[in-house]
Amino acid sequence: MFAPARQKTDSLPVWARNLVWLAPLALTALVGCATRNDLYVLLPGKDGKTGALTVESEGKKQTLDTPYAAARVKNVGSVDGVKSSEAEVKQDFGPALEAQPKRPVSFFLYFLADTDEFAPESKALVNQIFAEIARRPAPEIAIIGHTDRVGAQAYNDTLSLRRAERCRDELLKLRIPKVRISVAGRGEREPEVPTADEVAEPRNRRVEISVR
Amino acid sequence: MRSALIALTLPMVLAFGVAVAAAQDAGQIKTSKGSAQIERSGQKLPANVGQVVQQGDIVTTGADGSVGITFRDSSLVSIGPDSVLAIDRFVFDSTTHQGAFDASLKQGTLAVVSGKLAKQSPEAMKVKTPAAILGVRGTEFLVRTGPAKD
């Protein structure tokens, strides 16, 4: 059954069979000169924290975890750790950096315990939110509800979503400029003030309005 | 009893349908300069400010072009001139922040500020180039990929 395939291989002329063996040699010869112009750079975070980036090419790997740590890939399968700088980055990546969208800005509205009623101090924030919306191209708002840790997670998921929806309805009543609005409930997963379970904490009963 | 069950489940099914439709939007274009396009299922669309970006889209720029996109998880992704970026996968659960963001830069330059997906789980965001795979453990980085110049 497999005979025809084998016959086909055998029927290749000798020069063609040799070519198969020569191909890796040819590749090795190429390694001397660069085939790629790849550069990967980790930037310092705007929030002061620098993250980390792994760069992997055919099993070779570098971890970048300091500001302006960089990796060059001149050939697939080689990763050279190098150092870039603010000036070099501007030169190499100027237009891509200039095209970066504005960073999202978050506003927080607070709620009375176990309700979707605003705490009074939150009402003044709305004008600031509208001003931020007006500053942005194609603005969107993501309305994200949070709870404290009193109650079960599923209950808090529902409560946080209800708070977010309440916020959306209030904003819509105020004739918010036409923008895309999304609503989400994060429940008790992202407390502003970490607490033990079942602890009432007003600062965690909040809705985040992310303008982006 | 049964009708009560149907009355309960029907709105849930409908709500789910709406959520799935909305989930196709991965992000939105916030900046656009020069020649820039989105390729979606074989069609070319202008990459204008306000245009929605979806999973499967390929964003391309010409010699004078650049595009900046804000994704639903608040990742900020921008490309410079002569660039080709494919949005291979974008899944984001806005309650749990779980999901996946896979993108491929085929050529050109890319700037990324990672968002909630990478913050929730370090494996969630991956960027590929023809020469390398990047694992994103958060925040800001730059990528340039292309053949060596003579």
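Going line by line, the protein sequences match chains A and B.
For the record, in the first sequence the residue sitting at position 111 is 122 according to my numbering, with numbers rising by one throughout.
For the record, in the second sequence the residue sitting at position 57 is 132 according to my numbering, with numbers rising by one throughout.
From the three backbone atoms N, C-alpha and C, an ideal C-beta is built for every residue, glycine too.
For A/V90, the secondary structure class from DSSP, reduced to helix, strand or coil, is coil.
At least one CB of chain B lies nearer than 8 Å to the CB of A/T46. Taken in chain order, the whole beta strand (DSSP E) runs of length 3 or more contained in the region 119-158 of chain B are 127-129, 133-136, 141-146 and 151-154.
Per DSSP, A/F118 is one residue of the beta strand (DSSP E) stretching across V116 to Y121.
Under the 8 Å criterion on CB atoms, A/F119 is classed as non-interfacial with respect to chain B.
Under DSSP, the beta-bridge partners assigned to B/A186 are B/S153 and B/L217.
Contact note: A/R216 does not reach chain B at a C-beta cutoff of 9 Å; the least C-beta distance is about 17 Å. Out of A/S89, A/P55 and A/E109, the CA that lies nearest to the CA of A/E97 is found in A/P55. Chain-ordered, the chain B residues with CB closer than 8 Å to the CB of A/E151 read Q103 and T145. Residue pairing by DSSP places A/P202 opposite no residue, since no beta bridge is assigned to it. Around the beta carbon of B/T171, fewer than 16 other beta carbons sit within 10 angstroms, so the residue counts as exposed. Per DSSP, A/L64 is one residue of the beta strand (DSSP E) stretching across L64 to S68. Not flagged as an interface residue toward chain B: A/T126, since no C-beta distance is shorter than 8 Å. Between A/K85 and A/R47, the C-beta spacing is below 8 Å.
The residue among B/S149, B/V218, B/K201 and B/R219 with its C-alpha nearest the C-alpha of B/V211 is B/K201. Listed in chain order, the non-local C-beta contacts of B/K105 below 6 Å within the same chain comprise G143 and T145, local neighbours out to five positions each way being set aside. One thing to note: A/K101 has its Cβ no nearer than 8 Å to the Cβ of A/G88. Per DSSP, A/V137 is one residue of the alpha helix (DSSP H) stretching across L136 to A145. Per DSSP, B/S110 lies in no beta strand (DSSP E) and is assigned neither H nor E. In this structure the region 155-165 of chain B touches the region 131-138 of chain B; the number of beta carbon pairs closer than 8 Å is three or more.
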